[in-house]
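Undergrad:
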Amino acid sequence: MSEAIARDRSSVRCRRPRATWSRWLAALGIAALALFAVAQAQDYPSRPIRVVVPFSPGGAVDGPMRVIAQELSKRLGQQVIVDNKPGAGATIGTDVVAKASPDGYTLLLASQTNAISATLYPKLPYDPIEDFAPISLIGREPGVLVVHPSLPVKTFQEFVAYVKERPGRIDYASSGNGSGQHLFVALLASMTGMKMNHVPYRGSGQATADLLGGQVQVSIPGTAGMVGHIKAGKLRALAVTGAKRSPQLPDVPTVMESGVPGYEAYVWMGLLAPKGTPAPIIDKLFHELTQVLATSEVKTYMASAGIEIVGSTPAEFGAFFRSEKELWARVIRETGAKID
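If you're matching positions, the sequence shown starts at 18 in the working numbering and goes up one per residue.
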């Protein structure tokens with residue numbers, strides 16, 4: 018028995034150097050990868066960067082991204098190109114980025130639509146959480162409930178009563194299935210007992226055009242793009258969706274003020290990179306974006322657009338995205354919202 022134990026101990030002593038050597042090799046490999054990632058970040062960017070916007074040009078998040086891209090180009094010394102790829106509730110453009118090389122040269126401008134689509138589309142070709150690396154939540158903007166002037170309503174309360182007297186006879190426009198405009202109205206209808214018909218468009222520009230023309234009667238787009246139409250009398254504002262009144266529309270009450278406690282919704286935007294993008298590159302993009310958001314050019318534009326600048330860290334944005342996904346998953350379950 019003692020000889021067997023001795024042989025076992027001898028075998029362990031013989032194996033121990035090999036195990037130690039393997040650990041050293043693994044540690045050296047990790048260190049080499051870390052050094053390579055740092056070197057990548059130091060050289061980054063060495064060519065133009067593409068930011069995929071999964072919506073049509075002229076939408077609520079497209080304009081701000083173009084202003085930010087101009088300022089980022091100056092700081093990074095490389096052109097930052099905005100590439101619009103709309104359709105299918107932002108899933109087409111999002112899939113392009115999910116499949117892109119994780120090198121920091123293809124980024125995604127995400128919004129609440131990405132969090133919504135995670136539940137609304139049951140078979141996505143990507144995981145909206147696991148296939149992306151968060152960079153920063155850029156900002157957020159409340160929506161505004163607007164109606165065509167042909168509707169004989171002047172207040173939120175009159176609107177709710179009017180729609181409830183005509184179930185299924187009022188049409189509301191959105192920038193597409195799974196968009197914020199879609200779910201913002203669906204949530205409001207559910208909380209007030211209204212029944213309306215959803216008319217999805219390929220982008221907010223087309224939805225706004227038909228709203229102005231009276232082909233549809235209701236929508237909840239971002240506030241900034243509607244101010245001019247509201248002041249011109251082409252649309253009537255009944256309520257804003259934020260927790261407080263919009264500085265651009267100080268006389269328009271919030272939905273909560275108007276008798277729907279707990280209703281709060283925002284159009285938001287943030288930058289994501291493909292999963293596996295080196296941490297030093299993520300950190301560099303976050304740092305440069307933070308500097309850009311503090312410039313007078315961007316601050317002035319965002320204020321005029323009614324957008325509250327956030328500029329969160331990657332970790333904060335990741336946590337926010339997960340919370341938004343959970344929120345809209347619950348809304349979709351409770352309202353029965355689905356792809357038309």
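Even for Gly, the Cβ is constructed at its ideal location relative to N, Cα and C. Bear in mind the structure is a predicted one, so any value in this text is a computation, not a measurement.
Anyone know if the C-beta pair for Q95 and R67 falls short of 8 angstroms?
TA: No.
Undergrad: Exposed or buried, S128, counting other C-beta atoms within 10 Å across all chains shown (16 or more means buried)?
TA: Looking at its Cβ environment, which holds 16 or more other Cβ atoms inside 10 Å, S128 is buried.
Undergrad: Looking at the unbroken alpha helix (DSSP H) that takes in Y283, where does it start and where does it end?
TA: Note, Y283: premise wrong, no alpha helix (DSSP H); beta strand (DSSP E) at 283-291.
Undergrad: For G245 and R219, which I take to be in contact (beta-carbon distance under 8 angstroms), what is that distance rounded to the nearest angstrom?
TA: Not confirmed; about 23 angstroms, so no contact.
Undergrad: Taking the DSSP output, what are the residues bridged to A127?
TA: Paired residue(s): G287.
Undergrad: Whose C-alpha, out of P270, A190, G222, is nearest the C-alpha of Q234?
TA: It is A190 whose Cα lies nearest to the Cα of Q234.
Undergrad: In the DSSP output, what is V359 paired with across the bridge?
TA: Residue 359 falls outside the range modelled here, since the chain spans only 18 to 357, and no answer is possible.
Undergrad: Which runs of the alpha helix (DSSP H) at least 4 residues long sit entirely within the segment 123-200? Give them in chain order.
TA: Segments of the alpha helix (DSSP H) lying fully in the segment 123-200: 129-137, 173-181.
Undergrad: Quick one: is S329 buried, meaning 16 or more other Cβ sit within 10 Å of its Cβ, or exposed?
TA: S329 should be labelled buried.
Undergrad: Tell me whether E274 sits in a helix, a strand or coil according to DSSP, three-state version.
TA: In this structure, E274 counts as coil in the three-state DSSP scheme.
Undergrad: How far does the alpha helix (DSSP H) with A254 in it reach, from first residue to last?
TA: From DSSP, A254 is part of no alpha helix (DSSP H) but of the beta strand (DSSP E) over 253-257.
Undergrad: Assuming contact is defined by CB atoms lying nearer than 8 angstroms, are Y61 and T108 in contact in what I supplied?
TA: Against a cut-off of 8 angstroms, the Cβ pair of T108 and Y61 comes out as no contact.
Undergrad: Report yes or no: do three or more beta-carbon pairs, one from the segment 101-120 and one from the segment 70-85, lie closer than 8 angstroms?
TA: With a cut-off of 8 angstroms, the segment 70-85 and the segment 101-120 count as touching, because enough Cβ pairs lie within range.
Undergrad: Measuring CB atoms only, is the segment 157-168 touching the segment 251-258, in the sense that at least three cross pairs come out at less than 8 angstroms?
TA: Taking 8 angstroms as the limit for Cβ pairs, the verdict is that the segment 251-258 does touch the segment 157-168.
Undergrad: Using the three-state DSSP reduction, which class does D100 fall into: helix, strand or coil?
TA: Of the three classes helix, strand and coil, the one that applies to D100 here is strand, per DSSP.
Undergrad: For the beta strand (DSSP E) that contains V244, what are its first and last residues?
TA: It is not in any beta strand (DSSP E) - V244 instead sits in the alpha helix (DSSP H) that spans 244-248.
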